[in-house]
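Chemist:
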Amino acid sequence: MLKVVSLKDDLVSQLRAREHRGEELEAGVREIIQHVREQGDAGVLAATKKFDHADLTAEQLQVTEAEIEEAYQKLSPELLESLRLAR
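Every position in the sequence shown, counted from 1, becomes a number in this note's numbering once 186 is added.
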């Protein structure tokens, strides 16, 4: 005898699983943000070590004015305007 599979039920199940993973991801991101707010550079360094496997120092996080200006020059006008509006 053939097994009847409900695609609708399977789809609903998959969507619920995705929603749950999204909620877990969001909770993790909120935890990282909170840690960075509380710990500052130490929080950034801890996250960098954990997720990027990079053991950096606070000095390595510093960005010069020239680097900032160079980054601005690489942005499209549309993206720059979006960032200004989001600020």
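Beta carbons: idealized from backbone N, C-alpha and C, even for Gly.
This structure is a prediction, so every number in the text was calculated from the model and none was measured.
From Leu188 to Leu197, what does the alpha carbon distance come to, in whole angstroms?
Modeler: As a working mapping, residue 188 is identified with position 2 in the sequence shown. As a working mapping, residue 197 is identified with position 11 in the sequence shown. Cα to Cα, Leu188 sits roughly 20 Å from Leu197.
Chemist: On the three-state DSSP scale, how would you describe His206?
Modeler: The residue given as residue 206 occupies position 20 in the sequence shown. Three-state DSSP puts His206 in a helix.
Chemist: In terms of residues, what are the limits of the alpha helix (DSSP H) holding Ala272?
Modeler: Taking the first residue of the sequence shown as position 1, residue 272 is located at position 86. It spans 263–272 - the alpha helix (DSSP H) in which Ala272 sits, taken as one unbroken run.
Chemist: Keeping to the same chain, check which residues put their C-beta closer than 7 Å to that of Leu247; ignore five residues upstream and five downstream.
Modeler: Within the sequence shown, numbered from 1, the residue matching residue 247 stands at position 61. The answer, listed in chain order, is Asp227, Val230.
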